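First comes the structure, then the notes that go with it.
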Amino acid sequence: MHLIAEPDRSPLKIAVLYDNEFLLHHTGPHHPENADRISSTINFLKNDSKLKPNLIWPTFSYASIDVINLVHSKEYIHLVKQESEKLTDNTSTLSTGDTVISKQSYQVARKSVGAVNEGVDQIMRGKVSIAFAFSRPPGHHATKDRGMGFCIFNNVAIAAKYLQKKYGINRVLIVDFDVHHGNGTQDIFYSDNSVFYFSIHQHPFYPGTGRPNEKGSGEGYGYTLNIDLPKGAGDEEFIHGLKSQLVPAMDNFKPEFILVSAGFDAHENDLLGQLKYSNNGYKKATDILSTIAKKYASNRILFVLEGGYEPTNIKEASESILNAIISKN
Ligand SMILES: [Zn+2]
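When the letters of the sequence shown are read in order and numbered with the numbering used here, they come out as residues 11 to 339.
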């Protein structure tokens, strides 16, 4: 008698990383990077009957100082702790620049890193192949020793180093489609040929870096790829950039893991950005990333929230991404 294995009909699982503690990093009234950005997305994902069967919600803890130190200097980590914990009810600005902090910002930033690394662990242990971290504060402007923009610790950069150190992953792709260039991530991996940094963003715009002639240095030359788009560019330019530049570059690089700096401030209805991506554009982009992941990376993609300042856009665009993943599997 032959035993025929039943086809696996269980729905594809995606890990969503979120903790209510993310709401405790206060930025003061009228700051675009505030707790309200993500609450409606989380409520939607928890209650939407269509996506619910596909989502799992792992818990996680604070990243250790040693893990954060994979990217950031001990001096900078200490500075963040000291400058945030001395605050009372007020907010202030990190002495390294323009990043608003409150009393719990250090702990929340550690938890934001913890969320992203739990996403890595879930994927690398084979629990899921896709995860999405809805964490804050975001990270892609933070350099080794400097908070910048709305970013304290560089969540995605730490995840790349963590993947290499803990799991021996050799080649990591970081795709950054936030409207702003991720100067911190670029800087951290600029001379590194084991992490490929791809960014598509608005120019001219904050922080001013990310020109196409910034391609990396030394061994890392050719492992940074920037596409800058003029104000008003939309899905057509976004998808063309991915197809014409990212895809061929990945046929050479062959990433083993894809991290996505998923900012939604390039959405057509964002308050800060002036690009015009639609929800369908995010779907098409996800299809392209999924194809690369299938070909080279055992399907492994971890999305990490960066910017995006209109809650409805974050909700709808992330729903488009999740639906695109589910329909492809
Ligand atoms: Zn941004």
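Yeah, the Cβ is synthetic: ideal placement off N, Cα and C, and Gly gets one too.
Since this is a predicted model, take the numbers as computed values, not measurements.
- Contact between the region 170-187 and the region 256-273 is present, with at least three C-beta pairs closer than 8 Å.
- Ligand 1 has a heavy atom closer than 7 Å to the beta-carbon of residue 316.
- Judged by beta-carbon spacing, residue 273 lies within the 8 Å limit of residue 189, meaning their Cβ atoms are closer than that value.
- In the pairwise beta carbon analysis, the region 48-61 is classified as touching the region 129-149: at least three pairs are separated by under 8 Å.
- The residue among 317, 162 and 140 with its C-alpha nearest the C-alpha of residue 303 is 140.
- Counting C-beta atoms within 10 angstroms of its own C-beta, residue 310 has 16 or more neighbours from the protein chains shown and is therefore classed as buried.
- Just so you know, the alpha carbons of residue 106 and residue 157 end up roughly 6 Å apart.
- Between residue 27 and residue 117, the alpha-carbon positions lie close to 16 Å from each other.
- Rounded to whole angstroms, the gap between the alpha carbons of residue 235 and residue 257 is 12 Å.
- The residues 55, 329, 332, 333 and 336, in chain order, have a CB closer than 8 Å to that of residue 61 in the same chain once the five nearest residues on each side in sequence are set aside.
- Excluding sequence positions up to five before and after residue 289, its CB lies within less than 7 Å of the CB of 326, 327 and 330, all in the same chain and listed in chain order.
- In the three-state DSSP reduction, residue 56 falls in the helix class (H, G or I).
- Residue 208 is bridged by DSSP to 185 and 235.
- Segment contact: the region 120-130 against the region 57-75, three or more CB-CB distances shorter than 8 Å; contact assigned.
- Per DSSP, the unbroken beta strand (DSSP E) holding residue 271 starts and ends at 267-272.
- Out of 338, 166 and 323, the CA that lies nearest to the CA of residue 52 is found in 323.
- The three-state reading of DSSP puts residue 103 in strand, counting E and B together.
- Two segments are said to touch when three or more pairs of C-beta atoms, one from each, lie closer than 8 Å; by this definition the region 192-203 does not touch the region 92-102.
- Taking the Cα positions, residue 154 is about 8 Å away from residue 86.
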